[in-house]
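Novice: For the sequence shown, the numbering used here assigns the number 916 to the initial residue and increments by one for each residue that follows. No residue lacks a Cβ here, since even glycine has one placed at the ideal position from N, Cα and C.
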Amino acid sequence: MLPELRPSGAALLRLRLSVYLPWRHASVILAALLCWIAVSPANANFPFPSPGPSNPYDYQNYMFITNADDPAQFPPSDLGDDIWKYSSKTACQIYSPPDQKFFENCSAEVQGDPNRTQELKWVTGASIDRAWQTTTGRPDVIIAVHDSGVKWNDGGFLVDLNNKTWLNRGELPLPNWGSPHPNDPYDRNGDGIFNIKDYCPNPQDELDCGGSGDSRVRGAAGSPDTDYNANGWIDPEDLIFKFSDGVDQDGNGYKDDFVGWDAYEDDSDAFDEVE
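Have a look at this one:
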């Protein structure tokens, strides 16, 4: 039996997210019993392409950046004009020529006078560029997000979120294509993580998953019959519609909790109807 098409309300969603959180107002709880965290410097790809180990399961050395001044490594493409929120640089270094409102503070006289500079000398952001030169986190870590849900109907929202959404091995069937990775039988594309791409290698091709993938999910060639929510993506909500059977496979008290739980509607689909 499939869940309701559009549940709403407060929801618990378990995700793998980058440091940039698409929900600016989300209350993020790092929960040891539920969660690990994944952070990385890139946009929608997951795991993120960056200098790192050849073995995707070599997590202790996972995907740090080697040079924050290398535009190929930092800043991530999804930060856009918001780099000032994350950088360890000053506004004088970020903006060239300096923005007029910063100009008076960019003079050599001011920059060289310790009595006229603040503690961090106008560092604009959280110095994520420096943190990522040590580590960008691990993809085997998830976080729990208490919020109003997921905008499954918003294709633009899924650009950043789709590949980072945690999937529950305890409830989902093994993908039926490719070869299981020796570290994780659910990891069919061998990238070190279990996510939507292990069922549908190209989730934005709602007609055939790019020509390969799980036969139950990819559907017939040229037919959008597995894009159940008609948002232009094969996404975790489509897995909910496809595989829900009303059975609590992992015995945790929640049936078909493939990606989390909607505590308000008390069902497995944490769709966000809040406008």
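Buried or exposed for S1183, going by 16 or more other Cβ atoms inside 10 Å?
Specialist: buried
Novice: Do three or more CB pairs link the stretch 1142-1160 to the stretch 1076-1085 at distances below 8 Å?
Specialist: yes
Novice: How big is the Cα-Cα spacing for T1049 and Y1143?
Specialist: So the alpha carbons of these two residues sit roughly 41 Å apart.
Novice: Does the beta carbon of D1140 come closer than 9 Å to any beta carbon on chain D?
Specialist: Absence of chain D from the displayed structure is noted, only one protein chain being present.
Novice: Note down, in chain order, each residue of its chain lying with its Cβ closer than 8 Å to the Cβ of V999, except the 5 sequence neighbours on either side.
Specialist: Rather than Val, the amino acid found at residue 999 in this sequence is Trp. Contacts found: A1006, I1009, T1039, G1040.
Novice: Quick one: is D1171 buried, meaning 16 or more other Cβ sit within 10 Å of its Cβ, or exposed?
Specialist: buried
Novice: Measure the alpha-carbon distance for F961 versus P1054 and round it to whole angstroms.
Specialist: Caution is warranted here: a pLDDT of 49 is assigned to F961, below 50, making its placement in the model unreliable, and the coordinate value is therefore given only provisionally. One C-alpha to the other measures close to 9 Å.
Novice: Which residue marks the beginning of the alpha helix (DSSP H) containing D1153, and which one marks its end?
Specialist: According to the DSSP assignment, D1153 belongs to the alpha helix (DSSP H) that extends over 1151-1158.
Novice: For a quick check, are the C-beta atoms of P1090 and G1128 less than 9 Å apart?
Specialist: yes
Novice: Pick out whichever of C1124, G1105, K1112 has its Cα sitting closest to the Cα of S969.
Specialist: G1105
Novice: Does A1145 pass the burial test, meaning 16 or more other C-beta atoms within 10 Å, or should it be called exposed?
Specialist: exposed
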